[in-house]
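Visitor: Structure incoming, see below.
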Amino acid sequence: MVQVNADYLKLKAGYLFPEISRRIKEFSFKYPDSDLIRLGIGDVTEPLPMACREAMKVAIEEMGTAEGFRGYGPEQGYSWLRESICLNDYLSRGCKISADEIFISDGSKCDSSNILDILGKENKIAVTDPVYPVYVDTNVMTGRTGEVNESGEYQGLTYIPIHSENGFEAEIPKEKFDLIYLCFPNNPTGAVATREQLASWVDYAKKYNSLILFDAAYEAFIQDESIPHSIYEIEGAKDCAIEFRSFSKNAGFTGIRCAFTVIPKTLKGKAGNKEVDLWSLWNRRQSTKFNGVNYIVQRGAEAVYSEQGQAQIKRLISFYMDNAQIIKSNLTSAGFEVFGAINAPYAWIKTPENMSSWDFFDFLLKKANVVGTPGSGFGAAGEGYFRLSAFNSRENVEKAMERIVKL
Ligand SMILES: *Cc1c(COP(=O)(O)O)cnc(C)c1O
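In this note's numbering, the protein residues as written are 2 to 408.
Structure representation (structure tokens):
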């Protein structure tokens, strides 16, 4: 019989979203007429911006002509998209990133997982807690951890807690880690990192020769102008950080699939005593295992940077951020302690009366027919918190708030 990758068996069995589905199903079976509102899922709900649709239509027609047809594209992405990203997302913010340091992909979820392909197994790894589960699970799947304990922590990973007592700031570690995952604006807490905080992380990484994996999937939701959108806004970050960006949340591409990863050419790692640059390894990895994102979708992504595209995604983001504001103000006036929801589309709520995250889930489901996400599903330090997402229709958000406020 074939051997399987036994590391998969270490994964925690009752994963968050299947367990949520199970409880919803059970509830709907008991109360088939209940009108459930789902504020649990981190997926966008508004339609695709017109500029992107128009660009993709043109691209499809091009593909139907002899001159416009394209087969395999560059594995790194088309240069016009890389140039446009470089100009609009980096040079415009003073980050000296070049277009060939930008790799187009079909998602940040895959990139933040696949990056482990080019990194050794001996690295000491730190993640924040709560955390986007992908970072943890992909380390488990690739044999970089030991077994899981009762509270869902894996041996071999270090968890840096972020909670209200430390103002949702991940404290800079005293010891050396080789690899650190950071996500700001944060999913699930909605917290952001100030310029000073990011600068401390960059100082730390440079001091210890660590690599920061910086996930900026929610940068477009930042409202406060003093908050950096990219880690490369910090001097020195080009020597110690990889950045993941995605069109999923800013332009509604969760179903279309397009993202990018920045690997500065100055980033170094080592193989034994030999210095190796990470850009070359990632380029090799992508060229071997990936054949690029399709032409049509890349044209759609390019249109995000057009004048119309920019205006349309700005409206999308304000729409979601107005939802976030409605959630925050209603819950705050109802006496809840609410974090996030200012520079991120997630409200992170302290459960009332020290209820556990799952008890609060059941409570909201039964009493308000509202579905959210238990904080403990994102890590041990998420216990006692609950995530509500601003990705929904205005009507649903208002109805959900009315019901919760009445409780
Ligand atoms: C939604 C999300 C992403 C984007 O993932 P894609 O694969 O590009 O859709 C990345 N990181 C976090 C933390 C997210 O919540």
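Just so you know, even glycine gets a beta-carbon here, dropped at the ideal spot from N, CA and C.
Whose C-beta lies closer than 6 Å to the C-beta of Asp112 among residues of the same chain, with five residues either side of it excluded?
Guide: Within the same chain, Asp112 has close Cβ partners Ser106, Phe245, Thr262.
Visitor: Flag this pair as yes or no: are the beta carbons of Trp349 and Tyr321 separated by less than 8 Å?
Guide: In this structure, Tyr321 does not lie closer than 8 Å to Trp349 by Cβ.
Visitor: List the whole-angstrom C-beta distance separating Ala382 from Ile163, where the pair is believed to meet the contact cut-off of C-beta under 8 Å.
Guide: At roughly 7 Å, the Cβ-Cβ gap stays under 8 Å, so Ala382 and Ile163 are in contact.
Visitor: For Ile1, name the three-state secondary structure that DSSP assigns.
Guide: Outside the shown range of the chain, which is 2 to 408, sits residue 1, and nothing can be said about it.
Visitor: Using DSSP with H/G/I as helix, E/B as strand and the rest coil, what is Val203?
Guide: In this structure, Val203 counts as helix in the three-state DSSP scheme.
Visitor: If we count the other Cβ atoms within 10 Å of its Cβ and call it buried at 16 or more, is Gly65 buried or exposed?
Guide: Gly65 should be labelled exposed.
Visitor: Near Ile116, what residues of its chain come up, given a Cβ to Cβ distance below 7 Å and the 5 sequence neighbours on each side ignored?
Guide: Cβ neighbours of Ile116 beyond the five flanking positions: Leu214, Ile243.
Visitor: Apart from the five residues just before and just after Ile119, which ones in its own chain have a Cβ nearer than 6 Å to its Cβ?
Guide: Counting only Cβ-Cβ distances below 6 Å, and skipping sequence neighbours, we find Leu282, Trp283, Arg286.
Visitor: Which residues in the same chain as Glu47 place their Cβ atom closer than 7 Å to its Cβ, once the five residues preceding and following it in sequence are excluded?
Guide: Excluding sequence neighbours, Glu47 sits near Gly253, Leu317, Phe320.
Visitor: What are the boundary residues of the alpha helix (DSSP H) that Phe364 is part of?
Guide: Run containing Phe364: 358-369, per the alpha helix (DSSP H) assignment.
Visitor: May I ask whether a heavy atom of ligand 1 can be found less than 7 Å away from the beta carbon of Asp130?
Guide: Outside the cutoff, so no.
Visitor: Going by C-alpha to C-alpha distance, which of Phe70, Ala218, Tyr205, Trp202 sits closest to Phe185?
Guide: Residue Ala218 is the option with its Cα nearest to Phe185.
Visitor: Skipping 5 residues on each side, what residues in its chain have a beta carbon closer than 6 Å to that of Ala345?
Guide: Cβ within range, chain order: Pro186, Gly191, Tyr219, Phe222.
Visitor: For the alpha helix (DSSP H) holding Lys26, just list the boundary residues, first then last.
Guide: Element bounds for Lys26: 17-31.
Visitor: With H, G and I counted as helix, E and B as strand and the rest as coil, what does DSSP make of Glu68?
Guide: Of the three classes helix, strand and coil, the one that applies to Glu68 here is coil, per DSSP.
Visitor: Can you give me the C-alpha to C-alpha distance between Arg258 and Arg300, rounded to a whole angstrom?
Guide: About 12 Å.
Visitor: So Tyr73 and Asn292 are supposed to be a Cβ contact under 8 Å. How far apart are they, rounded?
Guide: 6 Å between Cβ atoms; contact.
Visitor: What are the boundary residues of the alpha helix (DSSP H) that includes Asp112?
Guide: That run of the alpha helix (DSSP H) goes 109-115.
Visitor: With C-beta atoms as the reference, is Lys315 less than 8 Å away from Phe337?
Guide: For Lys315 and Phe337, no; Cβs fall outside 8 Å.
Visitor: In three-state DSSP terms, what is Asp130?
Guide: In the structure shown, Asp130 sits in a strand (DSSP, three-state: E or B).
Visitor: Out of Leu212, Glu172, Lys58, point me to the one whose CA is closest to Lys271's CA.
Guide: For the residues Leu212, Glu172, Lys58, the minimum Cα distance to Lys271 belongs to Leu212.
Visitor: Do you know how far the Cα of Ile161 is from the Cα of Glu172?
Guide: One C-alpha to the other measures close to 7 Å.
Visitor: Starting from the C-beta of Leu279, find all residues in its chain whose C-beta is less than 6 Å away, skip the five residues before and the five after it, and write them out in chain order.
Guide: Excluding positions up to five away in sequence, the list reads Ile264, Leu268, Gly270.
Visitor: Exposed or buried, which one is Asp130 when buried takes at least 16 other CB atoms within 10 Å?
Guide: With 16 or more Cβ atoms within 10 Å of its Cβ, Asp130 is classed as buried.
Visitor: Please list, in chain order, all residues of the same chain as Tyr182 whose beta carbon is under 6 Å from its beta carbon, the five residues on each side excluded.
Guide: So the list reads Val128, Tyr136, Leu214, once near-sequence residues are dropped.
Visitor: According to DSSP, is Asp409 part of a helix, a strand, or is it coil?
Guide: This structure cannot settle anything about residue 409, because the visible part of the chain is limited to 2 through 408.
Visitor: Look at Asn324 and Asn393 and say whether their C-beta atoms are less than 8 Å apart.
Guide: Yes, the Cβ-Cβ distance between Asn324 and Asn393 is below 8 Å.
Visitor: Just to confirm, is the Cβ distance from Glu176 to Lys11 under 8 Å?
Guide: Result no, Cβ atoms of Glu176 and Lys11 do not sit closer than 8 Å.
Visitor: Tell me, which residues are paired with Ala272 by DSSP?
Guide: Answer by DSSP bridge pairing, in chain order: Lys275.
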